[in-house]
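Residue numbers (the working numbering), protein chains in the order written: chain A, 1 to 371; chain B, 372 to 742. Here the structure is laid out as structure tokens; the discussion comes afterwards.
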Ligand SMILES: [Mg+2]
Ligand SMILES: [Mg+2]
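Here it is, written out as structure tokens:
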């Protein structure tokens with residue numbers, strides 16, 4: 001029998017703990033009904049860790065993260081810890097440290113439209129019905145990390161602000177590889193986006209993606225697209241895309257554009273993956289795209305779906321449990337199809353429910369699907 | 372009597388000449404009916420100039436541009452001149468040289484939805500009806516121009532691609548000033564977009580925009596927004612915006628997102644402005660957002676509206692002829708309201724017309740409005 005699967009739970013701040021509680025229930029269900037056991041350790045991150053330890057992530061928690069097969073995070077941040085004067089004392093510093101120390105260079109941002117929620121989008125139903133895009137954003141390189149950077153005084157009352165966009169061959173290849181491998185399990189189509197027409201870093205990106213494609217992934221269809229055209233094509237005909245791979249900055253913008261296109265930020269999961277290790281595993285962190293929503297925290301109002309879907313990604317990518325991942329996703333679809341809605345996705349004619357009741361319903365659907 | 376207004380016409384390639392011909396007709400109309408005379412010089416740019424002179428813009432044409440009150444450009448480029456190996460021999464090089472030599476640092480990109488075309492968008496009519504945003508994109512600085520830049524070999528089969536994002540106080544202030552001044556003539560609201568949370572150049576941008584606002588434009592409402600959130604808010608509630616000011620790269624993406632949201636690229640004009648001179652004038656170039664559309668060139672099929680609307684911007688910003696600019700815009704609206712459509716904006720129940728017939732109809736509307 002294989003060793004138990006090691007999960008680190010970091011519920012974080014705001015609605016984080018209550019949405020993560022629903023994941024616990026699914027984990028218990030998997031144990032009881034599917035004989036799949038997880039070893040779950042829990043820790044603090046963000047504001048919760050600042051309150052308890054004075055740091056947004058303590059060394060022991062980081063060590064737990066490094067030892068785990070996967071980390072599941074709720075959300076971090078809130079007005080209580082808004083402290084822009086010291087970046088290291090911000091809740092977000094905990095998340096940034098996790099990404100850096102785990103080497104999570106590939107950020108997977110699905111943009112999926114559930115049939116039951118197709119009207120939530122500002123786009124016409126006919127345009128986005130059935131949308132299922134996977135955006136792979138490079139997460140640890142590019143202009144948000146490059147050196148030199150800073151603001152300097154250049155005399156005569158003038159200042160100068162500098163950042164450096166930089167990518168190397170291996171940084172580009174490893175994230176492109178993630179995209180090509182994902183495409184193989186999907187519809188075998190990758191769009192790589194940059195501005196090769198005006199940026200050398202983008203030209204290198206294009207050349208390296210092309211080279212890797214020719215060497216190893218000729219079974220996948222590869223398209224190159226300028227990022228500004230990408231922003232347009234997402235709106236014009238979003239279903240032309242399967243997997244999109246792009247750099248940190250363009251990915252920041254385009255993944256958010258695609259997320260808002262779905263109309264339901266409360267439904268969107270994400271995964272951040274590191275390099276494969278010798279055993280075929282890789283460091284991974286899963287978290288919902290939405291924030292900590294401090295205004296509704298503790299009120300049993302939050303939508304747990306994005307966190308549950310993040311756990312489905314965890315089952316799929318960290319534990320190769322495609323069947324269980326699919327069951328969880330299907331359960332959520334069925335519950336939405338039945339008209340159940342948390343407040344954030346409430347619509348006329350639907351039944352409004354709490355976080356807990358949404359969890360109850362999803363567990364009942366899991367029972368049905370498993371029987 | 373003041374000296375005649377000096378215009379340089381650069382029809383360029385593809386559909387450029389035929390859409391510019393409709394502007395000529397409006398200029399003749401202004402001469403006959405409104406006693407406004409323009410001195411029009413014409414020149415070659417892009418592929419047309421490459422064919423005639425071997426360069427995408429010859430010195431004499433550049434001199435004419437520098438001597439003109441405003442430049443009106445059709446479009447450049449086409450498969451005939453696709454020559455990626457030598458960037459200086461590309462049609463676009465002519466346009467880039469014009470921008471650089473005229474110092475056109477402020478790119479004005481309106482995103483306007485005409486009532487008659489509200490259904491052309493992939494967004495729901497209720498979301499975009501009446502949309503009227505002005506995006507001001509910094510055009511001569513930032514990561515597309517910063518040094519150092521390039522691709523270098525760093526050994527072990529690895530290469531490194533670098534670009535530099537750089538802005539100075541005066542570069543930020545001059546483009547922000549354009550945005551604030553535009554807002555004063557519109558709805559007195561400016562959203563400034565950057566990534567101050569992760570980029571020092573963005574932090575400097577935010578600080579300098581704030582400072583200029585406090586010094587001179589407190590009558591205008593100023594909001595700061597992270598550019599990724601901007602990409603989302605444009606989709607979620609586009610009508611919250613009046614004027615958006617942002618850097619070269621973010622402006623590249625966001626202006627195209629906003630353009631596609633309107634659903635009718637064939638309707639979108641643009642202006643690029645330089646610094647004010649001692650006489651209160653400023654160098655300016657006006658051009659449609661659409662390209663040269665070589666597939667329909669010479670067939671009298673192109674939509675002249677974007678170029679005519681670019682000329683309306685020219686009347687407004689270079690010659691302070693608000694009345695005439697408004698009349699031209701209103702004429703186009705009326706013609707669309709009457710059901711006339713070129714092929715690119717054709718819809719069921721409408722009347723399909725040629726470039727020339729669209730021009731005829733607009734002139735008839737001008738007659739009506741002037742009488
Ligand atoms: Mg983002
Ligand atoms: Mg663009």
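Where a beta carbon is used, it is the ideal one built from N, C-alpha and C, also for glycine. Quick caveat: nothing in here was measured; it's all calculated off a predicted structure.
Item, Value
"Classification of residue 742(B) by the beta-carbon crowding that lies within 10 angstroms, buried from 16 upward", "exposed"
"Residues, ordered as in the chain, of the segment 147-175 of chain A that lie near chain B by beta-carbon distance below 8 Å", "149, 150, 151, 154, 157, 158, 159, 160, 161, 162, 163, 164, 165, 166, 167, 168, 169 and 170"
"Identity of the residue in 359(A), 273(A), 266(A) and 322(A) nearest residue 345(A) by Cα", "266(A)"
"Sheet register partners of residue 163(A) (DSSP bridge)", "536(B)"
"Under the three-state DSSP convention, the category residue 198(A) falls into", "coil"
"Alpha carbon of residue 558(B) to alpha carbon of residue 598(B), nearest angstrom", "21 Å"
"Reduced DSSP secondary structure (H/G/I, E/B, other) of residue 675(B)", "coil"
"Beta carbon proximity, residue 391(B) to chain A, threshold 7 Å", "no"
"Chain-ordered neighbours of residue 231(A) on chain B, where CB pairs are closer than 7 Å", "624, 627 and 628"
"C-beta atoms of residue 554(B) and residue 591(B) nearer than 7 Å", "yes"
"7 Å Cβ cutoff met for residue 41(A) and residue 59(A)", "no"
"Span of the alpha helix (DSSP H), counted from its first residue to its last, around residue 134(A)", "Premise fails: residue 134(A) lies in the beta strand (DSSP E), 132-138, not in any alpha helix (DSSP H)."
"Own chain partners of residue 282(A) with C-beta closer than 7 Å, once the 5 adjacent residues on each side are dropped", "273, 274, 275 and 276"
"Cβ pair residue 175(A), residue 200(A) closer than 7 Å", "no"
"The segment 719-742 of chain B: positions lying closer than 8 Å to chain A by Cβ", "none"
"Paired residues, beta bridge with residue 741(B) - DSSP", "Per DSSP, none; premise fails for residue 741(B)."
"Reduced DSSP secondary structure (H/G/I, E/B, other) of residue 376(B)", "strand"
"Chain-order list of residues whose beta-carbon lies under 6 Å from that of residue 583(B) (same chain, five-residue window excluded)", "544 and 547"
"Distance CB(residue 711(B))-CB(residue 725(B)) smaller than 7 Å", "no"
"Sequence-distant residues of its chain with Cβ nearer than 8 Å to residue 620(B) (five each side left out)", "513, 514, 515 and 536"
"Contact set for residue 365(A): own chain, Cβ-Cβ below 6 Å, skip 5 residues either direction", "331, 334 and 335"
"As assigned by DSSP and simplified to three states, the class of residue 641(B)", "strand"
"Terminal residues of the beta strand (DSSP E) in which residue 445(B) lies", "441-446"
"Residue 562(B), DSSP secondary structure in three states", "strand"
"Residue 351(A) - partner residues in DSSP beta bridges", "340(A)"
"Test: residue 575(B) CB closer than 7 Å to a CB of chain A", "yes"
"Integer Cβ distance of residue 116(A) from residue 337(A), believed to fall under 8 Å", "5 Å"
"7 Å Cβ cutoff, residue 88(A) in contact with chain B", "no"
"Under 9 Å from the C-beta of residue 570(B): neighbouring residues of chain A", "143, 144, 149, 161, 163 and 249"
"Proximity test, Cβ basis, 7 Å: residue 36(A) and chain B", "no"
"Cβ neighbours of residue 635(B) in the same chain (closer than 7 Å, five flanking residues each side left out)", "488, 491 and 716"
"Range covered by the beta strand (DSSP E) that runs through residue 283(A)", "282-288"
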